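Residue numbers (my numbering): 1 to 988. For glycine and all other residues, C-beta sits at the position ideal for the given N, C-alpha and C. None of the values given here were measured: they were computed from a predicted structure.
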């Protein structure tokens, strides 16, 4: 009997239609997992295993008929039962009752399925894979990745799970191979997109599951190499070579060996993801334009964007492109450069005018039109008097011609409307400090400052390569001090070029003084300050006040709500003021509801505040209002995240309210969005009158310390306010700042510094009787002692902490200390007590309704259960905690929970899963947690890798871990040495 053909892995050409409400009664079939039948939201019975085998054989025929003999062979193979034919008919009859006679039909002595194009999940997956292949061929890598992820997401475990018979087994093997091919293609795209660090975890798990699949090993080597883990990448090759020799008696394929050689050579091309296509040049060059600068630099994307529009203007309606940006950003330089490159598209001429829009007296449109008409050959006697008549004659003169008009430095849209050609084949380029949002049909371009690379290139071209090559770092300091603003860079470079006795370092030192920087940035008739003065002079009084005061805040940007607090205005009024400043290009809109200054504009705004602010103390009052806003809002977020935690009751009171949130997600969105400006506000608030609120703002925003992205800025802010409190003689604030720093250093694995800060905090807290310090300083010191295996001291300190929290009525703090004490008992072998203490902590958290802190309790309980040998329970608690940490964006605890899950799987003798979780932990802890935690993860990763036969790579992990442990003098060094010694003895 002939075996039923397997489904081809080629993708069908038809598109999968979108499902709508009318599809609720349509049947849908799943084979990429357990074989299931759905109608709408209902799962239909598919019968016995053999009946599902029949359904499988029919579904995978793609609508073609399968004979009874083929079905019997597919279900039972060479040993069918005596009543096989009757059984097939019975299965078919039962399925027909479920599916309907129009779906399962009898045909030519066999059976066939009649289903819609998208009724089978395999068909949908094939079409998605086909779309991914086409997207990749067309250069759309992101779309290809998205489509492949959708296709792979259709799998629900093993294809055709639990379906018996040789046909199902054959198809199961084919589908699993196809799934691996799709996964390899998607991982290849991930590496092209630069997602190498994220790919390591998945590839580690896949190589453990498919140890002889060389393509996966190749991808893993590339991912490790691009993640800076060259030794591990080479160890993967060594493991692969040994495994292939032992299992198959062959060497790795040539591609794998070549990859090893490239890694050994530290191939720079291999270290980079696939390059994007080089930008195409856009030729532009008008005849009557100002000369382009010979050292024009960068702006490739803008040159290409504008050039493409000018190149396609022929045969279309007039194209208008309006460039807007801050004074000195290079609008005119770019426009002239682009226009010169486009000259072949405008053979009938190019017109140019400086409209003086930033000055006190802008050019009159009538005057400009007169000059344009003369340039186009119109006699003076033929030029009419009125604006409308001149504009009409101008458009008539341009009709049928291909002319480019460059309108430079426009005041507003009303000034330029009469100057636009208005006919096809012509184009206009407009530059202005004002965004031409009211210029109908215009293509708006917002010009920003240069990239650091472009800025350094411009500086080098003006000064000369020989003077820059030996002082590259100083040159980078110069262009950074210029805020990467082209005008400022040109002025600074011109000054240096004209002073042969100056070094680049001399210029960098001059520009380092912020109070003198704007005065230094002038040369001849060029001056940055004068450029800004033109825009400032056109502001209304309320706008000018907003410009001056907003420039006082140190953050990289500011939200509308924070700006309203600083300005002491309601949000609607503040928004009107800010948008007016955006329209004049003095302020940028970083995102909806967020605003920022260019660095030099900020310095100019501050100089204006010193010069023009009339009311005494207004500048200090504005910053105090901003600090109040951040503290009040952050305290509200803290209280929402930690109900029952009395920290908020011990914070300084504010004179102004902050924002309030009812939703946890929105509250955290605010905290992380405001992280940089909030921490900048802390650092800026070091005066005696504000240091207490600044320190307390850090307490309320403590989540930022463990976020990874903001940890260093948080540490810097805490150090600043600690020093400010010391200078001010404010012992309470100093104690709180030192306690906060102790937590920061402990999180980073710097236990010596953490202990020093915590002990000083305890001493200061006693002298001022600060309840918050009494509770939190011994808690931090106890945690540090536990990490250093000083268990007796840790127990004393944590018992003291528990008593202090109880005295304060802070049940959340008490629960935290109980969980910390649980870990101490676990370390000294009191496992039952550890489980009991963690359980008490969880009970307190649950009583308070704490979600995030409850996750901390489950983390502690998971550790204790792991040690107690209750791996299944431990995995459950840690998985619950992981979900909460991810939702709360707690990167440190997310990474540590992944690490603990790896330990659970290692203890349960599941080394492949342990390796997968360890790799994920390394990725998450890349920028948070410090080297000591990384070394702990590497230790477990090495044990997991050793368990799946990748001994060479395991050794690399242990060697790196040992180097870290030895450096920080950690007690874990001895255990890692033992692991390495055991590996060496086994190798012999």
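Is the CB-CB distance between residue 151 and residue 31 below 8 angstroms? Not closer than 8 angstroms, so no.
Can you grab the Cα-Cα spacing for the pair residue 902 / residue 851, in whole Å? Approximately 23 angstroms between the Cα atoms of the pair.
Roughly how many angstroms separate the alpha carbons of residue 121 and residue 37, rounded to a whole number? If you draw a straight line from the Cα of residue 121 to the Cα of residue 37, it comes to about 11 angstroms.
In whole angstroms, what is the alpha-carbon distance linking residue 191 and residue 225? Whole-angstrom Cα-Cα distance: 11 angstroms.
What three-state label does DSSP hand residue 22 in the structure shown? For residue 22, the predicted model reports a pLDDT of 43, less than 50, meaning its position is unreliable; a value from the coordinates is still stated below. In this structure, residue 22 counts as helix in the three-state DSSP scheme.
What does the alpha-carbon distance come out to for the pair residue 22 and residue 97? Residue placement at residue 22 is flagged as unreliable, the pLDDT there being 43, under the threshold of 50; the coordinate-derived value follows with that caveat. So the alpha carbons of these two residues sit roughly 22 angstroms apart.
Quick check: what's the CA-CA separation for residue 236 versus residue 937? Distance between the alpha carbons of residue 236 and residue 937: 18 angstroms.
Would you report the Cα separation of residue 1013 and residue 686, rounded to the nearest angstrom? The requested residue 1013 does not occur in the structure, where the chain is confined to residues 1 to 988.
Look at the alpha carbon of residue 606 and the alpha carbon of residue 544, and state the distance between them as a whole number of angstroms. Each residue's alpha carbon lies about 12 angstroms from the other.
Based on Cα-Cα distance, which residue from 319, 305, 358 lies nearest to residue 328? The residue with the shortest Cα to Cα distance from residue 328 is 358.
Nearest candidate by alpha-carbon position, reference residue 630, set 375, 564, 137: It is 564.
Pairwise C-alpha distance: residue 502 and residue 469: Residue 502 has its alpha-carbon roughly 15 angstroms from the corresponding atom of residue 469.
Quickly, what does DSSP pair residue 34 with across the bridge? List them, please. Looking at the DSSP output, residue 34 shares a beta bridge with 161.
Terminal residues of the alpha helix (DSSP H) in which residue 177 lies: Annotation for residue 177: the continuous alpha helix (DSSP H) segment containing it runs 166 to 192.
Output the boundary residues of the beta strand (DSSP E) element that contains residue 110. Note, residue 110: beta strand (DSSP E), 110 to 113.
Check whether the Cβ atoms of residue 822 and residue 832 sit closer than 8 angstroms, and answer yes or no. 8 angstroms or more divides the Cβ of residue 822 from the Cβ of residue 832.
When the Cα atoms are used, what is the spatial distance from residue 873 to residue 844? Near 20 angstroms, if we compare the C-alpha coordinates of residue 844 and residue 873.
Please list, in chain order, all residues of the same chain as residue 441 whose beta carbon is under 7 angstroms from its beta carbon, the five residues on each side excluded. Cβ neighbours of residue 441 beyond the five flanking positions: 320.
With a CB to CB cut of under 6 angstroms and the five nearest residues on each side skipped, what residues in its chain are close to residue 588? Around residue 588: 596.
In the DSSP output, which residue or residues are listed as bridge partners for residue 446? BP columns for residue 446 point to 324.
Would you list the residues sitting across from residue 352 in a DSSP beta bridge? Looking at the DSSP output, residue 352 sits in a beta bridge with 406.
Give the straight-line distance between the Cα atoms of residue 818 and residue 761, rounded to the nearest whole angstrom. Looking at the two C-alpha atoms, the distance is approximately 21 angstroms.
Could you compute how far the alpha carbon of residue 603 sits from the alpha carbon of residue 929? Distance from the CA of residue 603 to the CA of residue 929, rounded to the nearest whole angstrom, comes to 36 angstroms.
Counted within 10 angstroms of its Cβ, other Cβ atoms place residue 331 as buried (16 or more) or exposed: Residue 331 comes out buried.
Residue 43 in three-state terms, based on DSSP: In the structure shown, residue 43 falls within a strand segment according to DSSP collapsed to helix, strand and coil.
Just list the alpha helix (DSSP H) runs in the stretch 512 to 537, keeping only unbroken ones of 4 residues or longer that don't cross its boundaries, in chain order. Within the stretch 512 to 537, the complete alpha helix (DSSP H) runs of at least 4 residues are 514 to 520, 528 to 536.
Can you tell me whether residue 810 is buried or exposed, with buried defined as 16 or more other CB within 10 angstroms of its CB? Label assigned to residue 810: buried.
Give me, in chain order, the residues of the same chain whose beta-carbon lies closer than 7 angstroms to that of residue 471; leave out the 5 immediate sequence neighbours on both sides. Taken in chain order, the residues that qualify are 503, 504, 505.
Please report the distance separating the alpha-carbon of residue 697 from that of residue 684. Inter-residue distance for residue 697 and residue 684 is about 12 angstroms (C-alpha atoms, whole angstroms).
Would residue 425 pass as a contact of residue 401 if the rule is Cβ separation under 8 angstroms? With respect to residue 401, residue 425 sits close: the two C-beta atoms are nearer than 8 angstroms.
Counting C-beta neighbours from all protein chains within 10 Å, is the total for residue 312 16 or more, i.e. buried, or is it exposed? Exposed.
If you check the beta carbons only, do residue 421 and residue 553 fall under 8 angstroms apart? Contact: no.
Beta-carbon contacts of residue 729 that lie in its chain and below 6 angstroms, excluding the five residues immediately before and after: Excluding sequence neighbours, residue 729 sits near nothing in its chain.
When we look at the beta-carbon of residue 438 and count the other beta-carbons within 10 Å, is it buried (16 or more) or exposed? With fewer than 16 other Cβ atoms from the protein chains shown falling within 10 Å of its own Cβ, residue 438 counts as exposed.
Quick check: the Cα distance between residue 66 and residue 187, rounded to an integer number of angstroms? When only Cα atoms are considered, residue 66 and residue 187 end up about 37 angstroms apart.
Smallest Cα separation from residue 413: which of 699, 785, 431, 964? Nearest option by C-alpha distance: 431.
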